[in-house]
Each structure stands twice: as C-alpha cells, then as structure tokens.
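Chemist:
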Amino acid sequence: MLFHKTYLSGAQASSINYDANLLINLAKSQIKISTCHLLSYICHMRKQVLSVAMIAISAALISWGYKGHRAVATIAQKHLTSNTAYAVSAYLKGESMADVSTWADEHRNPTTGKWHFLNLPLGLNHQQFVDYVNQQSNDNVYGAILKEEAILKDKASTPDQMNSALKYLIHLVGDAHQPMHISRAEDKGGNTIQVRFDNAGTNLHSLWDSKLIDHEGLSEEQIAKQYDWANETQIKKWQAASPMEWLWESYQISSELYADIKPGQQIDEAYYKQYIQTIHLRIDQAGIRLAGELNKLLNNATVPKVAAVNQTSDKTTNQKLVDVPGKLQNMPVLIPLADVGKHKGELIATTGKVYSSKDIGSMVLVNLGAAYPNQLLTIVLKGNAKQLAGQITDKTITAQGKVIDFKGKPEIVVTDTKAIVIAK
C-alpha cells in the first residue's frame, strides 16, 4: 500500500513459528502436557494471530495509503496524452486509474509482497546506493517496476497481461515515492518506531502512511487538485529522472526522517508543518512521473478491441467493440452532453453542437457544447473518422464511444465514421 506496507503475513508466520518452538521447548523441559493439548493451543494461537493480522490489513486499506494512491493516479490521469489515456482506459476495461490504484495491495500474495518496498542500510552515497540496488534480487519495488514496464513494452503481451501490468505499475510508482518504503529492514520501514501524534499512539511508518495527511483534513478530490502544482519546467525535469533516481530521492528523505525521530517522541504541529510539503511533493512527483512513463509506453500503442465495463453493475458485459473502440453493436445509453463528464470509463452516446475544431495532424479535435477551452466534450477524430472534420462545422452531431479523461476534461476517441451521426 502507498506507502511501504508491513506485510503481516510474513511477520506473523515468524511469530507463529517462534511461539510454537517456545511451547515445544517448555513442554519438553518443564511442563508435562499432552501433545494433543499442545497442538490444540498452537492452533488456537495461530488463529488468533491471523485474526489480528486480517484486522490490521483491513484497517490499513482504508487509511492514507488509499488516499495517496488515488491522488497519484488522478494526477497522472490529467497528464496523459489523448492516445495514452485511451489506451489506458481500454486496457483497464473502462476502470479509472484511481479505481485500480490500490488493486496491487488488495491482491497481495507471498510472491508479490516484497514488490512494494526496498530495504537498505543507512549511510550510502549515490553510487553505493545504485550498486546496492543493482546487486539485490528483483523482488523489490525497483525490480517490479522494471518488470511491469517490460510487459507493457512487449507487443506480444496479452490484454490480460497488459491489464495486470498497468495495475501494478500505477501502484508501484506511488510506493517508490513514499520515503518509508525505501528504508531499513530492522525496523520494518519505521513500523517498530513508536511515536505519538494527535493524542494517540502510532509509529513512524503509519505517521507517513496516513496520520500527517489525515491531519491536513483534505478530501480525496482536494488532495488531487492542490497537490498537482508542477509547472512545465518541473514536469519535464521530473519525467527525465529514472526509477533509480526516484528511489534515491526517497532514500535521502527516509534517512533524514530517521535522524529526526526518537522512539516515543511526541510529534507536534511544527513537525507536521515541516513535512507535509514533502508529502505534497512526493505525491505530485509520483503522479507526474507515472504519466510520463505511461506516455512513453502507450502513446503509440495499438489497442485491441476489448469488452466494456458496465459501471452500474461493475461486471464485464458481453458487448463487443466493432471496427473501432466506441462503436457498439447496439446503441449505448444516450447521455445529456452536460453530464458526459460523470460517465468516464463508460460507453455512451451524446448529442451536441460543434463549436470549434482543430486539426493537429494525426487527429482532429472537435469541441462540443462550447469552444475550447470551455467545451463540455471533445471528440477526437482519428483514422477514417478524420474525413468528417469538414462536414460537421457548426453542425449538431451524435457521437458514441468510451468516455476518457484528458487533463480533467471528458473526451471520446473515434476512428470510424459510423460512430458519428450528423443531424440533418
């Protein structure tokens, strides 16, 4: 989970083994109890430990990690190219990036558990850090990011493989930017360093996972909006950095955090004010960089026809895309133009007047409802559909397709002339 999760299953398994060995030794040397009773007690303890683990996992899933990952994904969505936004929506089968941003936490297993963090000793310089990371196995956040990007690059990857790789990458880029995910093994990324904040006990990891951002009191929507402040110069600089540099930045911050904390410390308002801007920075950088990676990987991707997702039932429908994404065998639900933005990820039809258009070479951008930048919907004409550009000026048209998000505005990409009907 954003940001370095304690994988309780492994820790609790170790605890169970320890308890079992201790009980056996006591039974042999001091206590005369039956093997049956001993095994019964161990099983009871095992169930208790697993129950505690499940409760802790459930609690963590609704804390700041959830907010943080959704903010990263929402920021990234706003910085995708139109082509990339469509490819992402297609491979995610209509689900939004924010909606799948915590999927990797919700589908953890012993194989992927280590993908969410990287353990290193303190005191490394940049070259030592790079060497240390490169010498480790691929079972960490760095190796996992490279693995999932390789799948997205591979033209032989199936739609299901692309779907899974996208979900992992959306999540792991967020994890890589959380300082306490790139930290020490001996304290489990700060989980065993106990502190107090807002009149309650917590630990250094949870402080950065949820407590500081919860103290800020912003909604999920406010977080995504206020954190996304980078200008074009910063965006270009951030996106030029490699995943190794993302981790190095997190390592430098976690090293500072370790030096600035003492077990049992009372975290005051001054600490919050000092570090909340660091959280803003890291979440914004994660979103901007995720967008940059996806634009490099998918901007020129050839997206196959995929099944649509019915948002009302959250189940994959049996409707198939015909010649072009956005053209259904049956007419989709007609949505008022002003409400199209509420149906992102869905296959819809809508009617509106064309107020302006712009030919940018590979596509024609057609604005409905108002001229740019106040349009209610942009129809992106590509391929054969570009020939319609000269026929729809100032006309009322009905367009059908999958609604995607491009920098906060709804769009429908159309490449087949049959997906547009011009009013007589």
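When the letters of the sequence shown are read in order and numbered with our numbering, they come out as residues 34 to 457. We treat Cβ as the ideally placed atom computed from N, Cα and C, and that holds for glycine.
Should lysine 269 go down as buried or exposed, given a rule of 16 or more other Cβ atoms within 10 Å for buried?
Modeler: Classification of lysine 269: exposed, given that the 10 Å Cβ count is below 16.
Chemist: Can you round the beta-carbon distance between arginine 217 and proline 154 to whole angstroms, since I take them to be within the 8 Å contact cut?
Modeler: Contact holds; Cβ gap of about 7 Å.
Chemist: Near glycine 441, which residues of its chain fall below 6 Å by C-beta distance, leaving aside the five closest residues on each side in sequence?
Modeler: Excluding residues within five positions, the ones whose Cβ falls inside 6 Å are Lys111.
Chemist: Measure the Cβ-Cβ separation of histidine 214 and serine 283 and say whether it is below 8 Å.
Modeler: Yes, the pair counts as a contact, with Cβ atoms nearer than the cut-off.
Chemist: When the Cα of isoleucine 312 is compared with those of His210, Tyr175 and Ile430, which residue comes out closest?
Modeler: The shortest C-alpha separation from isoleucine 312 is found at His210.
Chemist: Less than 8 Å between the C-beta atoms of isoleucine 108 and glycine 320, yes or no?
Modeler: In contact: isoleucine 108 and glycine 320 (Cβ atoms closer than 8 Å).
Chemist: Which class does proline 443 belong to by DSSP, given the choice of helix, strand or coil?
Modeler: Residue state, collapsed to three classes: strand.
Chemist: For lysine 415 versus serine 395, is the C-beta distance shorter than 8 Å?
Modeler: Contact: yes.
Chemist: Starting from the Cα of asparagine 417, find the closest Cα among Gly402, Val446 and Ile294 and give me that residue.
Modeler: Nearest C-alpha to asparagine 417: Val446.
Chemist: State the CB to CB distance for the pair asparagine 328 and leucine 125, rounded to an integer number of angstroms; the pair is presumed to be in contact (CB under 8 Å).
Modeler: In fact, because the Cβ distance is near 16 Å, the residues do not count as touching under 8 Å.
Chemist: Could you give the distance in angstroms between the alpha-carbon of arginine 322 and the alpha-carbon of glutamine 272?
Modeler: Their backbone Cα atoms lie some 5 Å apart in a straight line.
Chemist: For lysine 375 and serine 122, which I take to be in contact (beta-carbon distance under 8 Å), what is that distance rounded to the nearest angstrom?
Modeler: That belief does not hold up - the Cβ atoms of lysine 375 and serine 122 are roughly 15 Å apart, past 8 Å.
Chemist: In three-state terms, what does DSSP make of aspartate 392?
Modeler: Strand, per DSSP.
Chemist: Give the single residue among Phe150, Thr448 and Lys386 whose Cα lies nearest to the Cα of lysine 221.
Modeler: Among Phe150, Thr448 and Lys386, the Cα nearest to that of lysine 221 is on Phe150.
Chemist: So for asparagine 158, helix, strand or coil by DSSP?
Modeler: DSSP places asparagine 158 in coil when its eight states are reduced to three.
Chemist: Take the Cβ of tryptophan 262 as the centre, count every other Cβ of all protein chains shown within 10 Å, and call the residue buried at 16 or more, exposed below.
Modeler: Classification of tryptophan 262: exposed, given that the 10 Å Cβ count is below 16.
Chemist: What's the C-alpha gap between serine 115 and tyrosine 304?
Modeler: Computed Cα separation, rounded: 41 Å.
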